[in-house]
Structure formats: structure tokens, C-alpha cells
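Student: Chains as they are written, first to last, in this note's numbering: chain A, 1 to 411; chain B, 412 to 582; chain C, 583 to 909.
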Amino acid sequence: MAHFDDKAMPFGNKWMDERIGLNTLKRVLNTEYWIPKDINFLWAMGMVLAATFGILVVSGIFLLMYYKPDVNLAFDSVNYTIMSEVGYGWFWRHIHGVGASIVFLIIYIHMFTGIYYGSYKRGRELIWLSGMGLFVAFSAEAFSGYMLPWGQMSYWAGMVITNLFSGGSLEAYGLVEWIRGDYVPGDAYLTRFFMLHVLLIPLAIIGLIVLHFGTLRLPHVNNQEGADIDYKESAELWKAGKKKESKVIPFSPVFLSKDLFVMGVYFIIFFYLVFYNFEFSMDPVNFDPADGLKTPAHIYPEWYFLWSYEILRPFSKDIGLIAFGIAQIAFVFLPFADRSPNVAPAHKRGLFNIWFWVLLIDMIVLTAMGKLPPTDPVFAMIGLVSAVLFLAMGPLLVLITMFEKKIEKGA
Amino acid sequence: MEQQEEGRRDFMGMALGAWAVVGGVGALYAAKRSWDPLPSVKAAGFTTVEMNDKKENELVVEKWRGKPIFILKKSADMEAHDRDVVMNGSRFHVSIGLCTHLGCIPAYQSDNKEFFCACHGGVFDVSGVNSPGLPPPSPLEIPPFRIDGTKLVLGESGPEYKKMLDAGLTV
Amino acid sequence: MRELKIFAIVAFFSLLTYYLVEPYAHHEMHKKVDTEGNEIHSESHGFKYDGKPDIAEAHRAKNKALVESKTAFWADVAKIGQLKGNASAGQSHFASCAGCHDANVNMGGVIPPVLDHAGAIYDKNYLIALIKDPAIASNIDHKYKDTGNHPMGAIKFMMPDDQSIADVVAYMLEHKAGEVTPKEAYEEACMRCHAVRYGKLPQLGDTPKFKHEKDSLAHKIKVIEEQDRVKAYMGKLPPDLSIMIRARSEHFMKTFVENPQSQLAGTSMPRVGLSAEGYEKVEAYMVSTGDPSKAKREAVGPWVILFFVIFTILAYLWKKSQWKDLH
Chain A
1 MAHFDDKAMP FGNKWMDERI GLNTLKRVLN TEYWIPKDIN FLWAMGMVLA
51 ATFGILVVSG IFLLMYYKPD VNLAFDSVNY TIMSEVGYGW FWRHIHGVGA
101 SIVFLIIYIH MFTGIYYGSY KRGRELIWLS GMGLFVAFSA EAFSGYMLPW
151 GQMSYWAGMV ITNLFSGGSL EAYGLVEWIR GDYVPGDAYL TRFFMLHVLL
201 IPLAIIGLIV LHFGTLRLPH VNNQEGADID YKESAELWKA GKKKESKVIP
251 FSPVFLSKDL FVMGVYFIIF FYLVFYNFEF SMDPVNFDPA DGLKTPAHIY
301 PEWYFLWSYE ILRPFSKDIG LIAFGIAQIA FVFLPFADRS PNVAPAHKRG
351 LFNIWFWVLL IDMIVLTAMG KLPPTDPVFA MIGLVSAVLF LAMGPLLVLI
401 TMFEKKIEKG A
Chain B
412 MEQQEEGRRD FMGMALGAWA VVGGVGALYA AKRSWDPLPS VKAAGFTTVE
462 MNDKKENELV VEKWRGKPIF ILKKSADMEA HDRDVVMNGS RFHVSIGLCT
512 HLGCIPAYQS DNKEFFCACH GGVFDVSGVN SPGLPPPSPL EIPPFRIDGT
562 KLVLGESGPE YKKMLDAGLT V
Chain C
583 MRELKIFAIV AFFSLLTYYL VEPYAHHEMH KKVDTEGNEI HSESHGFKYD
633 GKPDIAEAHR AKNKALVESK TAFWADVAKI GQLKGNASAG QSHFASCAGC
683 HDANVNMGGV IPPVLDHAGA IYDKNYLIAL IKDPAIASNI DHKYKDTGNH
733 PMGAIKFMMP DDQSIADVVA YMLEHKAGEV TPKEAYEEAC MRCHAVRYGK
783 LPQLGDTPKF KHEKDSLAHK IKVIEEQDRV KAYMGKLPPD LSIMIRARSE
833 HFMKTFVENP QSQLAGTSMP RVGLSAEGYE KVEAYMVSTG DPSKAKREAV
883 GPWVILFFVI FTILAYLWKK SQWKDLH
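(1) Could you check where the beta strand (DSSP E) with H504/B kicks off and where it finishes?
(2) Let me know the alpha helix (DSSP H) ranges lying completely inside the segment 168 to 252 of chain A, each 4 residues or longer, listed in chain order.
(3) Quick check on S903/C - is its C-beta less than 8 Å from some C-beta in chain B?
(4) Within the same chain, show all residues whose beta-carbon is closer than 7 Å to that of L216/A, passing over the 5 residues directly before and after it, in chain order.
(5) In three-state terms, what does DSSP make of E413/B?
(6) Taking G533/B as part of the alpha helix (DSSP H), name the residues at either end of that continuous run.
(7) Hey, would you say I737/C sits closer than 8 Å to I713/C, going by beta carbons?
(8) Thinking just about the alpha-carbon of each residue, which of N163/A, G186/A, P395/A and D187/A is nearest to the one in S176/A?
(9) Quick check: F629/C and E840/C, are their CB atoms within less than 8 Å of each other?
(10) What are the residues that DSSP puts in a beta bridge with M402/A?
(11) Count the other C-beta atoms from every protein chain shown that fall within 10 angstroms of the C-beta of L823/C, then say buried if there are 16 or more, exposed otherwise.
(12) Nearest to F275/A by CA position, among H3/A, I95/A and L73/A, is which residue?
(13) Nearest to G817/C by CA position, among I892/C, P716/C, L888/C and M851/C, is which residue?
(14) Check this for me: beta carbons of T367/A and L602/C, under 8 Å apart or not?
(15) Could you list which residues in chain C have their beta carbon closer than 9 Å to that of L427/B, in chain order?
(16) List, in order along the chain, the chain B residues whose C-beta lies closer than 8 Å to that of F629/C?
(17) In chain B, what lies closer than 9 Å to F889/C by C-beta?
(18) For A344/A, count neighbouring Cβ atoms within 10 angstroms of its own Cβ and tell me buried if that reaches 16, exposed if not.
(19) Can you tell which of G226/A, F135/A, G114/A and T81/A has the C-alpha that lies nearest to the C-alpha of I407/A?
(20) Identify whether Y309/A lies in helix, strand or coil by the three-state DSSP scheme.
(21) For a test of the three-state rule: what should DSSP assign to A429/B, helix, strand or coil?
(22) If you draw a straight line from the C-alpha of V422/A to the C-alpha of L218/A, how long is it?
(23) Could one say the Cβ of T367/A lies closer than 8 Å to chain C's Cβ atoms, at least one of them?
(24) If we count the other Cβ atoms within 10 Å of its Cβ and call it buried at 16 or more, is N731/C buried or exposed?
(25) Could you pull the DSSP bridge partners for E461/B from this structure?
(26) Beta-carbon within less than 7 Å of C682/C's beta-carbon, same chain only, minus the 5 sequence neighbours each way: which residues are those?
(27) Please classify D338/A as buried or exposed, where buried requires at least 16 neighbouring CB atoms within 10 angstroms.
(28) With 8 Å set as the bound, which would you pick, yes or no: does the beta-carbon of G54/A sit closer than that to a beta-carbon of chain C?
(29) By the DSSP assignment, the alpha helix (DSSP H) with L576/B in it spans what residues?
(30) Taking just the CA atoms, how far does V750/C sit from G633/C?
(31) Report, in whole angstroms, the separation of the C-beta atoms of S568/B and R557/B, which I expect to be a contact under 8 Å.
(32) Beta-carbon separation of L49/A and G99/A under 8 Å?
(33) Buried or exposed: where does K121/A fall if 16 or more other Cβ atoms within 10 Å of its Cβ makes it buried?
(34) Using 8 Å for Cβ pairs, my map puts G477/B next to H504/B. What's the rounded Cβ distance?
(35) Using DSSP bridges, identify the partner residues of P479/B.
(36) State the beta-bridge partners of M45/A as determined by DSSP.
The structure is reproduced here in C-alpha cells:
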């Protein structure tokens, strides 16, 4: 039986500590949660993502108060009620729309940071895998949310994406109808995607975020040089006041102060987009109400899905679907495809460095081609080449890293 | 550790915290505005009723802001009251038809010439005044009204309504 | 500094991606080319109407006769523009316009528009052209072998000569050019075909408040009947314009209103002939229904950004004090 001090002031430090272990919590999560000193602003992307998720939740709550998941009401509840009647309704919607798009930019930066610095290796595999889980969950969340305004792009994206589940020559149209609950995207479809968007997927995301943080605790965050830090020793040095000698800093307040600065810069850019440059995330075409009898002249997914969409496009139906399927799961295998013994930034890893930049540029090219009209033969050819290249990148990585020499770490 | 330095650090951290609170208050204001009734709801808060066609001792129930409104044209044998709305020589009882006890809708009994609330047995007379000794603590409330010729505009406060309000005849 | 270098790299690739998927892709997507594969640039002409785009279209169609007839037509229009119009002489001609334009009933497909502010919202040259030949002026002559079939075709027999056209236009510019509200401009220029349900403004004008559902439904039926007539005339019901201002870019809106054929070749939408001032008013109305929080958004924006600028400065100072004895 624990000891409880009767004289402790209710809700005071001691009182709380005796009841929920406040000081232990503070120590474990803040003042003695050690972060390497040798990092740059890319290490703040995790907190930036958490903050963005936070404002997506908050803005989503206000949208939820007035949104009506009904094919006859959805469009006007968003574009009339929320945009013109609700006080600051436009504010929440713009934040939600821009946030949903920008969160993927940060996810990609976060992901490529991990790849560049080899942060998925040697004890950090689960961090990578839970991160990939988050990527999938965010993708599903983005897609289901995109359905809700029930504009032309919502409807036709819903039509095309659910059709992917027919499995090409398998012609599993029964499965497609089961997913939709209708022959075409209709009322049942809208209400079930509404449920997924506001309840099931957010729950999964929250769970995965907790898991993602959890997987980080023991292997610790990577650092700019991939150095293997003796955390115990460094922590002792810090606690002894030898800040210069220690290789680590506590999460709070030292790392947090940098995080908040990066977040500040991020939010300046974010709100500039919210107020003045939002069309990249709120497609004008989606301001035309859904019409099942008229396909828009150009249909394309949101920018963050373009690279995988482009891997689908240049091939015949079945091969395209298989390529698309591979692209969807390719990144999951990264920790196991990279056979190199080194945890080091790409610029110290020879061929891997080239592989990294080729991958990045290839994905940007795929992204661009995914939106450009496929009728142009030049674009179609570039698309095909970059899609094939992407598929080859996995085997190439195995080859390159198998022969990578171990880097001898100086000092 | 150096006490002085610690203090400066705290100051910057606290300044940042305080500034974040300012932003939080701004966001809360936006949140508060989002909870406000919509303009369309407020614009629909007025109901115009034609009073010329009303028959004596026959209760008419109109709807105003989602609530039932009792309109009863008084017959000559009914006692006049300061709560009556007088229009072109006719006297009307106008009130929000919700019992002041717990909000049920009392029924008008034209034989007894009184309102009877079935929920807890409250009784109001034709002027909406509650009978003493029964659960309702006060007379039926009078909605804000303005007389416009032969029409009654509910939701706007005319001089007649303000007079009743000042005299404490309704809340 | 290393961090700045990394930031520059991140910013470069982010902006490159943005450029490729937004401005570049949209340009490629909406690019129009002629039969030789040359790109057609449709630019706004400041809401002035001299027929040049129409003649260029005829050139592209390689229709010599059309090039000639259009060139001749717009040259005539320019000539009439030089004539000095007499407003009081124009008044009697205008009276014959009112026969249709004040009737408020559908004639040949649409309800002829009210002309109360015609002089204020339409371009002078366009008015001249329209009176001379409505089908050619509005660039929908591909729909009419003979202008006489145009709902306003009868005008050809009502204006005896060029001088009377100059007179009636002078009359409108002088006496039908009072102060006009955005909504009035919209009603006169667009409402006969396009509904705005967020403004409760179908083709028949403001929807009255009905106490009884029966009356409300009866009105709805009248609206649907009018929409059917417009649909029969136009081929399809012209879209509701409630939030069109968000659904199309500013460039599209301007070039489309100036010359609908430039963006949707073959469309039955006529050129309406709005002047720059007239378009400004119509645009203001469309913003009021389609993007009513625009003003508020632009007013709040700087404050939110200023908040985060100060937040960032404070965070930077805190970071500096926290990190200063670490290295």
C-alpha cells in the first residue's frame, strides 16, 4: 500500500505525484527523455505532424457540427451552411482542407528524412513499420474525407478508386458493390465513408501514433551522423551539468524550444496557404455538385496520391493493378531490403546516396506525370519509364546495399 | 546551476507560453462564433399573424421560434386584463403556450374558459394568470410583439409589449 | 549554415513539386490548340468588343466566307460607333424595345432581360452590334442559319438604319445608366438563364416567402416550367451559378464571359457583352453568394500570420537561450 500524505495540498505537486506519479511521468516523457544533440530541424517534423493532426481534429470537430452526410444535403451543408452561415465556418474548412494536403507534404519530408539518415535500421524497424501504418491510415482518412463535400471530384474519385477493387480481370464487381453498398457511390456509400472518416480511421490513427511514439522510446531518435550514442553515460554528464560534453539534451525544455521554433515557421507558411493560396488543396472542380451522368474533363487524385496513381496508369489494366499494389506496399520492406550494415546519412554511403536522390526525383516525376494529361505521348512515355524505374528501385537497393562497405566510425 | 540564467530562460519560455494563450483565446472566440445560432435561424425568428380572422373563445396555436403561441380572442364576458393585447377594439390573450412549471403545453378548455396543464394539474385563466396553490409559479409568458395594423408581428418589441414588460406582467 | 542548406533543399523540392502539379499541370490540362497544333492563348480584352476573336475563330475554322462576313459586320459596327447618336430621337425607338423587354414573359426561349441599367453594364460597341445582328454579336451565329430565328431576330425590322441604332444606344447610355447594385446587374445580365439557389434566385427572380406549402410548391412548378423552356432553347439547363466563382478560375470567368466560345467551343451560351464595370458588379454578386467570407478571410489573414510571426520570434529567443551553452 502506497503512502499518502494527508497534509499534501490537493492537486499540488506532491498530491498529484502520489496519485498518478506526476514526477515520474515528467521525467520519463520530458526532462529525462533524451534526444541527441546532433540533429537538425528535420527532427522536428514529428511534432509538426502531431500538431497538424491536432488542428485537423479541432477543425474537423467544428465541421462535424454542421455537416450532413446525405447525398441531397452534403454539398450544400458544406458550401452553403459551413462556408457562408456558420461563424468562422470558412476558417475551419480552409484549415481542414489545407491541413489535409499539407500533412502529406510533412509526412513525405519525415519519410525521406528517415530514408536519408537510415533511421529505419538497427533497432528502429518498428518505428518505420508503425510509420508506414500511419501513412496508410492517413491515406484512407484523406480519401474518405475527400468524399464528404460530395462534389464532382468526390464522386468520381469515389467511383474510380472503389473500382480498383474489382481486381482487373478478376471482375470482382460484387466486392465493389459491397464496398459501396450500392451500384454506384450513393447514400449508403457516403454515410459509411463518413463513419470511417470521423470515427474508425481517426481511432486507428490515434492508436498508431501512440504505437509510433512507443517504438521510439527504447532505440531513441537517430542523429545526423547515425552515431551510436551511450545514452546512459551522456545522460549522467547532462545531469552533472556538463552540457557541452554530453551528447544528449532533454526533450523538455531544450528540444521542445527548437521544436516550437520550427513549428512557428511552419504555421506561418501553413496559414499563408489557408488564407491566400488554398486552391491546390480545395480543387475548384469539387465546387461543382456531384453528377453521376457527367465526368469532369480531367480527373486526377490529390497530389499526394499522384505518384502511385501514375504507376497504375501506363500499363494495361491487370499489370497496372499489380504494379500499383507493389507500389503501395514497397516502402514497408525498406528496413529489410537495405542490407547495409551502416546507419549513416546517405552522403556517406556511396551508391546509396545516388539511389536516394534518384528515388526522390523519380517520385516527383511520377507525381507530375500523374496529373498531366496522358493523351500527350511524351508525358505517357516519361510516365512509363519512371514507373518502371520505381519498380526496379527495390531490387536495386538490395543489390547496392549488399556490397556496401562498412564505414569505420572515427572516434 | 546559475540562478540568474535559469530565470532568463524561464522568462522567455513563459513569454512564449503567454503568447500561445493569446492565440488560444483567439481560437476560442472563433469557436464561440461557430456555436452561435445561424443567421438563417435568427432571420426566421419573426412570425406575422393576421388577427382579423380570429373567432371569440377559440384558441389558435401559432408557431414562433419553435414554440407554440396561444392566441385567444376574448369574448365580452371574459374579464379584461392588462396582459391583453388590444387591437381595433378587440382583446386578445397572446402567450407562449408552455406551462411555467415544467414546460408542458396546457390544453384550452373552452367550456371552463381556462387552460389546464395535464402534466401536473396547473391551471391558468383566460388571461394566462396561474391559479394559486397549484404547481405553476407564474403566469404564462408573453412573447415580444409589435402591432402592425391588423397583424401581430411576433419577435419584435413594440411599445405595448414594452409597457407590459415594465409593469412586470411578463418576463 | 547547414540547417539553411537543408531547408533550401527541402523548399526547392517542395516548390518544384508544387509548380509541376499546380500551375504547370493546369496549364497543360486546359491548353487549347488549333488544327496545326499551335497553342491558342485566350486572354481578356478588358471587356471591349471589336469582333477580333470571332474573326480569328473563323480563320482557324478555315471558313473564308465567314471571315469576310464577320470582318464586314464588325467594320460596320465600328462605323456606327463613330456616328453621333441623338438620345431623344432614340427614346421612341427604345419604346419599341420595351414591348418585349418589359413584358416579363418567356419569348422564344428566355424572358427578355430588363434593360433598366443597360447603359451602365454593357459595352457600347456590343450594344450596337447586338441591335444590328443579335446572333453574330453574341457569337452564336453557328446556331442560326438566319438571324430571323433568333428570339431577338425581329430587331432587324425595327431599326430602319444605322443612325437609329446610334440613337437608341445613345439613349440607353444616357438614360438607362443609373447606379446599379451587384444583384441588379446579375439579374439583368444572367438571371434569365442561370439560377442562384444560394441567393434564392431562380430564373423567375426572388423567391417570395410562402406560408403554405401548397403555394410554395406552386411557385416551384412555375420555376421548373420556366427552366424547361430555357432548357429547350439552350439544349441543356445552364448551370446554377451559386458558387461558380469558386469552381472556375478568375481567368476562366473573365475570358468566358467575354467570349464563351473561347473556353467552350460550340456552347450555346451567348456573349452577354458586359463592360468592365458591368462584369465587376456581376462578379461582386457571385462572390456574395459563392464566397461571402472572402472579405472576412482577407481581413483575418494578416492577424493570424502576424500572431505566428511573433510566436516564431519568441520561440527563437527561447531556443537561443536554451541552446546557448550546449556547444
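Glycine included, each C-beta is placed from N, C-alpha and C at the ideal position.
What you are looking at is a predicted structure, and each value in this text was computed from that prediction instead of being measured.
Tutor: Straight from the coordinates:
(1) In the second sequence, the residue the question calls residue 504/B occupies position 93. S501 to I507 is the extent of the beta strand (DSSP E) around H504/B.
(2) Listed in chain order, they are 173 to 180, 187 to 195, 201 to 217 and 231 to 239.
(3) Within the third sequence, residue 903/C is the residue found at index 321, counting from 1. Chain B, which has a Cβ nearer than 8 Å to the Cβ of S903/C, makes this yes.
(4) As a first step, residue 216/A must be located in the first sequence, where it is residue number 216. Excluding sequence neighbours, L216/A sits near I127.
(5) On the second sequence, residue 413/B is found 2 positions in, with the first residue counted as 1. Because the pLDDT of E413/B is 42, which lies under 50, any placement of that residue in the model is unreliable, and the question is left without a value.
(6) Along the second sequence, read from residue 1 onward, the residue named residue 533/B stands at position 122. It is not in any alpha helix (DSSP H) - G533/B instead sits in the beta strand (DSSP E) that spans G533 to D536.
(7) One-based indexing of the third sequence puts residue 737/C at position 155. One-based indexing of the third sequence puts residue 713/C at position 131. Taking 8 Å as the Cβ cut-off, I737/C and I713/C qualify as a contacting pair.
(8) Along the first sequence, one-based indexing puts residue 176/A at 176. The sequence shown places Val at residue 176/A, not Ser. Residue N163/A is the option with its Cα nearest to V176/A.
(9) Taking the first residue of the third sequence as 1, we reach residue 629/C at position 47. Taking the first residue of the third sequence as 1, we reach residue 840/C at position 258. Closer than 8 Å, so yes.
(10) Position 402 of the first sequence, counted from the start, is the residue given in the question as residue 402/A. Bridge partners of M402/A: none, in fact.
(11) Locating residue 823/C in the third sequence gives position 241, where the first residue counts as 1. When all chains shown are included, L823/C counts as buried.
(12) The residue given as residue 275/A occupies position 275 in the first sequence. Selected option, being the one with the closest Cα: I95/A.
(13) Along the third sequence, read from residue 1 onward, the residue named residue 817/C stands at position 235. Measuring from the Cα of G817/C, the nearest candidate turns out to be M851/C.
(14) Along the first sequence, read from residue 1 onward, the residue named residue 367/A stands at position 367. Along the third sequence, read from residue 1 onward, the residue named residue 602/C stands at position 20. In this structure, L602/C lies closer than 8 Å to T367/A by Cβ.
(15) Along the second sequence, one-based indexing puts residue 427/B at 16. Within chain C, the residues near L427/B are F893, L896, A897, L899 and W900.
(16) Walking along the third sequence from the start, residue 629/C turns up at place 47. Ordered by position in chain B, no residue passes the 8 Å Cβ test against F629/C, which lies about 34 Å from the chain.
(17) Within the third sequence, numbered from 1, the residue matching residue 889/C stands at position 307. Neighbours of F889/C on chain B, chain order: W430, V433, G434 and G437.
(18) Here residue 344/A refers to the residue found at position 344 when the first sequence is read from its first residue. It counts as buried.
(19) Working through the first sequence from its first residue, we reach residue 407/A at position 407. The candidate whose alpha carbon is nearest that of I407/A is G226/A.
(20) Within the first sequence, residue 309/A is the residue found at index 309, counting from 1. Y309/A falls in the helix class under three-state DSSP.
(21) Here residue 429/B is taken as the residue at index 18 of the second sequence, counted from 1. Helix.
(22) The requested residue 422/A does not occur in the structure, where chain A is confined to residues 1 to 411.
(23) Mapped onto the first sequence, residue 367/A falls at position 367. For T367/A, the nearest CB of chain C lies under 8 Å from its own CB, placing it at the interface with that chain.
(24) Numbered from its first residue, the third sequence carries residue 731/C at position 149. Exposed, because fewer than 16 other Cβ atoms sit within 10 Å of the Cβ of N731/C.
(25) Along the second sequence, one-based indexing puts residue 461/B at 50. Its beta-bridge partners are K562/B.
(26) Working through the third sequence from its first residue, we reach residue 682/C at position 100. Cβ neighbours of C682/C beyond the five flanking positions: M689 and P694.
(27) Sequence index remark: in the first sequence, residue 338/A carries index 338 (1-based). When all chains shown are included, D338/A counts as buried.
(28) Locating residue 54/A in the first sequence gives position 54, where the first residue counts as 1. Cβ-Cβ to chain C under 8 Å: no for G54/A.
(29) Taking the first residue of the second sequence as 1, we reach residue 576/B at position 165. Segment P570 to D577, the alpha helix (DSSP H) holding L576/B.
(30) As a first step, residue 633/C must be located in the third sequence, where it is residue number 51. As a first step, residue 750/C must be located in the third sequence, where it is residue number 168. G633/C and V750/C: Cα-Cα distance of roughly 21 Å.
(31) Along the second sequence, read from residue 1 onward, the residue named residue 568/B stands at position 157. Along the second sequence, read from residue 1 onward, the residue named residue 557/B stands at position 146. Rounded, the Cβ-Cβ distance is 7 Å, consistent with contact.
(32) Residue mapping note: residue 49/A aligns to position 49 of the first sequence, counting from 1. Residue mapping note: residue 99/A aligns to position 99 of the first sequence, counting from 1. No, they are not a contact pair.
(33) One-based indexing of the first sequence puts residue 121/A at position 121. K121/A comes out buried.
(34) Taking the second sequence and counting its residues from 1, one reaches residue 477/B at position 66. Taking the second sequence and counting its residues from 1, one reaches residue 504/B at position 93. Actually they do not touch by this definition, with Cβ atoms about 21 Å apart.
(35) By 1-based counting over the second sequence, the position of residue 479/B is 68. K474/B.
(36) The sequence position of residue 45/A within the first sequence is 45, counting from 1. Its beta-bridge partners do not exist; DSSP assigns none.
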